[in-house]
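Report on one structure; see the data block that follows.
Number of protein chains: 2
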Amino acid sequence: MADRAVTGADVLVRTAARSGVRVCFANPGTTEMPLVAALDRVPGIRAVLGLHENVCTGAADGYARIAGHAAMTVLHLGPGLANGLANLHNARRANTPVVNVVGDHASWHLAYDAPLTSDIAALAATVGAVYPVASRAEVGTVTREAIEDAHRTPGVSTVIVPADHQQLHAPEPLTGPVTRTARPRVSSECVKNAAARLLTAGRGAVLLLGGTALTRTGQVAAGRVAASTGATLYSETFPACAERGGLPDIDRLPYFPETAAAALGDAEAVVVVGAADPVAYFGYDGIPSVLTRPGTLVRLALRHEDAEEALLELADLIGTDAPAAPAATIDLPDDAAALDGRSVGQVVASCLPEDAIVSVEGGTCGYPFYSASAAAAPHTVLTNTGGAIGQGLPTALGAAIAAPDRPVIALQSDGGGLYTAQALWTMSREHTNVIVLIAANHTYGVLRTELKRHGNPEFGPQAGALTSLADPCVDWVTLANGFGVPACRATHVAQLRAAFSKALAVGGPYLIEMAL
Amino acid sequence: MADRAVTGADVLVRTAARSGVRVCFANPGTTEMPLVAALDRVPGIRAVLGLHENVCTGAADGYARIAGHAAMTVLHLGPGLANGLANLHNARRANTPVVNVVGDHASWHLAYDAPLTSDIAALAATVGAVYPVASRAEVGTVTREAIEDAHRTPGVSTVIVPADHQQLHAPEPLTGPVTRTARPRVSSECVKNAAARLLTAGRGAVLLLGGTALTRTGQVAAGRVAASTGATLYSETFPACAERGGLPDIDRLPYFPETAAAALGDAEAVVVVGAADPVAYFGYDGIPSVLTRPGTLVRLALRHEDAEEALLELADLIGTDAPAAPAATIDLPDDAAALDGRSVGQVVASCLPEDAIVSVEGGTCGYPFYSASAAAAPHTVLTNTGGAIGQGLPTALGAAIAAPDRPVIALQSDGGGLYTAQALWTMSREHTNVIVLIAANHTYGVLRTELKRHGNPEFGPQAGALTSLADPCVDWVTLANGFGVPACRATHVAQLRAAFSKALAVGGPYLIEMAL
């Protein structure tokens, strides 16, 4: 008799909980009320509210990058999904598992084209696999398949579950917990081939690391290969999750295609391990899309494959025994120096506590921080792999919820930060230890550069206005306070170091507006 | 020779300017830099920056509802479009013309699946017609077709224009200015049929008005019909643009399907004029989707047809000569009374200056304001037709830019306001006369109601948290200040009246947090 009270929503949440889902980042609406109620009835999943869906999806991305398994979301119909798509795009590009649950109208109501009706499946298909729940009987099995797929791909699986299938009684699936598929291993032929190419190319080889090649183990293995062959090591430009500190100094592949092509174009072999084939971020007239010369690209491990294991096998085959020396010390800026990308990067890197997580979005401080952080204390860095801005703060939030014992720093450019500033509120509500450092230059800096690259060295007033965040300058201290986060402003190095050190000691959430 | 310097972006902007586009709400990225440069080279279109794409698309919606012709947007690739989709959904449901311009990678770069690549056309197709620019030669003609279509549908036309087709020389289209298609007129048979049904049904008839039936002329004509036949008048629940004040008191069709069905279910004839067929907003177990009894629905004018003209013809056929009496006076709350939906609605309605525009989002104060505003000074009300929240502030912004001489009031619930609070910044930058009234009850009120409707009278802590905006309460005064908008808080009637009157006298932007 008790079973008759089990709803489809209960089954969905139970299936998720049994599969290891522990957190649900949600902004529900009317059609998700049974799911909301089920989150109280079924134990094991913590519900976290975002004031905007892109906070929820970005947090789910950040969570899974750190936790190693998916969080779920609950979003409201097509518009709710649309609001969260940009950070689902980023999760897709980062190969992050996300179980993206979207409610739909009651199945029998869809035909009437009520105001909030739209093509949810078409939206969801742009970021991953789509799992529509076609009947109450299949809520459990479809949810289970979606969760398995999210971890197998890895990527975004969207479950679309009509309100009636949530609300009414549904049978529990008989199956046990989800079996987690390990990443596929690459063949030993593939490893041997890469080894041969590396040995032939010697100092003319590049190893381009991405995905799970950027674990601590993966980087140490890559360092052993580089030490024996003379190969140059690069990380992909925007790694989803990379260990840094106490490791060989692995720079990121440059962003602009001219410099990236210069880094790769002379190589006799470019061995990619867990990274996508290197291509230009944008297409520029007269600059090729492909950054490698024909015949030089060697794929050791694809993005979804076990890149770490491939590197270990490669290192056992051709690497030295001793790990490469870690990077040296960080240059420290003068206390009285003004804040700029370089000085901020150095201060942040030098103050970083061991085991910190740093979510980096935006180039102003992001690139200089990466240069300085090789010599920082061991930490994990998360970057915006997909390029849809508004990811840094939600990702930091999700990471903090995944690892409550680790300090999280969001090193965030102001333009992207303003996309999802609502994440500050959830940081406050959930008492997350996130310290937000806003690079406040009140400019879409990269666009000013791009205007010039596109032949507009002297842009006019409208282009100036469209690339400026001044007039008025957003007051981040006040904004943070409005969302319940204490904050201060720093204008020079000593101030930033003092404020950052104090925030690290006290714990977040805390925001520092860095006047650049 | 000079013509060789004309780029595809120039052609697009020139075509838009020649077609009457005067404003471009933009948040561009690298792939839209030629368009940004063209906005300076080509005169006639004012560029307005939004800090988030949903501000841009919502502003384009609000602009066109007031201006009567489309604004354009400039959005960045798939993620930029995704961010703006929710308010494009609303524009689609409101039948608002929007020329939605989205940049794409250089056409030759698309195949390489660079990080920001995604299926833009699939996203755009969920909100309207898609116009991909396949070559430089067709930039002008495709843009022109998209603009014509946006006004003909009316709705959202998305132009997808790759960066190379923007950047390089393109031929100007030879064609002259766009010809604006008038809304199709309904046949006189259709009018006669509706007249016959209304006369037969007498007091058992309902006229349900939407779209252009809600102009001043349309409502007066509807009043003449009601006066002669005894028919009851309703407006659709969420009109895109309705005139109010000095007119017959036309209530909105109730939101919840039980009450809406009660309003329509006894009718012998429900004549819809410019409105969609009345269906339940959401499907609830045991409650039919269709709100009318079989055989009672009569379609006088579809949403895209000339509903105003149809009503005029109907009134000439069967209406009285004299216009119906306008609504009486507004009940005024006690000065010392606390703020609640009713008292806020009455204060706002009673203070409203003639010719104001009121953008209403959210039920807390929205419904009571509508009840009170029939007796207010003549004004225009804009509501959220599509139901994707986060529309009220951007719509107010766009309306203010369309009508700089009219005061704009945004009567906004806090939950929806937090979706697109970034609109406050553009209100400040553009010195718009918008007065924002935030109904701050720190709750997703409608969801609390829906939880109960879904059989959860005593919801648990997680459901409580997911429907609460408290802990911490967002401080709207501080938030507004952070975005450069002065603000204050009001806790009772006299305070609200004083603050609102002063803000009206001084002019916006200004925000009042109403503590409910």
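Chains A and B, in that order, are what the protein sequence lines are.
Numbering follows our numbering, with no gaps: position 492 of the first sequence is 492.
If you want our numbering, it's the position in the second sequence, counting the first as 1, plus 1000.
Glycine included, each C-beta is placed from N, C-alpha and C at the ideal position.
At least one CB of chain B lies nearer than 9 Å to the CB of E450(A).
For D1251(B), the secondary structure class from DSSP, reduced to helix, strand or coil, is strand. Put simply, the CB of R46(A) is near chain B, with a gap under 9 Å to one of its CB atoms. The stretch 1413-1424 of chain B and the stretch 1350-1366 of chain B touch, with no fewer than 3 CB-CB distances between them shorter than 8 Å.
At least one C-beta of chain B is nearer than 9 Å to the C-beta of C473(A). Contact annotation for Q1462(B) against chain A: L39, D40, A47 [CB-CB distance below 7 Å, chain order]. When secondary structure is reduced to three states using DSSP, D1040(B) falls in the helix class.
In the three-state reduction of the DSSP assignment, R1197(B) falls in the helix class.
Put simply, the CB of D249(A) is far from chain B, with every gap to its CB atoms at 9 Å or more. Between the alpha carbons of R244(A) and P378(A) lies a distance of about 6 Å. If one requires a minimum length of 3 residues, the beta strand (DSSP E) runs lying completely within the stretch 1117-1147 of chain B are 1128-1132, in chain order. In the three-state DSSP reduction, P1162(B) falls in the strand class (E or B). One Cα belongs to F500(A), the other to V344(A), and the distance between them is close to 11 Å. Look at the beta carbons and you see the stretch 1285-1300 of chain B touching the stretch 1192-1207 of chain B: at least three pairs across the two are nearer than 8 Å. The Cβ of Y1063(B) sits no closer than 9 Å to any Cβ of chain A.
In terms of Cα proximity to A400(A), the closest of A60(A), L447(A), T420(A) is A60(A). In the DSSP assignment, F1025(B) falls within the beta strand (DSSP E) that extends over 1023-1027. DSSP, reduced to helix, strand and coil, places Q391(A) outside both helices and strands of the structure shown, so it counts as coil.
For the stretch 83-101 of chain A, the residues whose beta carbon sits under 7 Å from a beta carbon of chain B are, in order, N83, L85, A86, H89, R93.
Within the stretch 407-463 of chain A, the runs of beta strand (DSSP E) at least 3 residues long that lie entirely inside it are, in chain order, 408-413, 434-440.
Under the three-state reduction of DSSP output, Y1370(B) falls in the helix class. Cβ-Cβ distances below 6 Å link S1107(B) to P1162, D1164 in the same chain, with the five nearest sequence neighbours on each side left out; the list follows chain order.
In this structure, R14(A) is the residue among R14(A), G29(A), L75(A) with its C-alpha nearest to the C-alpha of R22(A). Relative to the Cα of A1267(B), the nearest Cα in the group G1230(B), G1286(B), G1398(B) belongs to G1230(B). Between A1280(B) and L1291(B), the C-beta gap is smaller than 9 Å, which places the two residues in contact. Rounded to the nearest whole angstrom, the C-alpha separation of G223(A) and P288(A) is 30 Å. Put simply, of D321(A), H431(A), L300(A), G464(A) the residue whose alpha carbon is nearest the alpha carbon of E189(A) is L300(A). Going by beta carbons, D1251(B) and P1326(B) fall outside the 9 Å limit. Neighbourhood of Q1412(B) in chain A, by CB distance below 7 Å: empty, with the nearest CB roughly 14 Å away. Interface annotation for the stretch 113-126 of chain A against chain B: D113, A114, P115, L116, S118, D119, A122, L123, A125, T126, criterion Cβ-Cβ distance under 8 Å. In the DSSP annotation of this structure, the continuous segment of the beta strand (DSSP E) that includes I512(A) starts and ends at 510-515. Only residues of its own chain outside the window of five on either side were considered, and among them P173 have a CB closer than 6 Å to the CB of T141(A), listed in chain order. Secondary structure of I401(A) (DSSP, three-state): helix.
Against chain A, the beta carbon of A1280(B) has neighbours under 8 Å at H109, Y112, A114, listed in chain order. Taking the beta carbon of H105(A) as reference, the chain B residues within 8 Å of it are F1282, G1283, listed in sequence order.
Following the DSSP letters along the chain, one finds N1100(B) inside the beta strand (DSSP E) bounded by residues 1098-1104.
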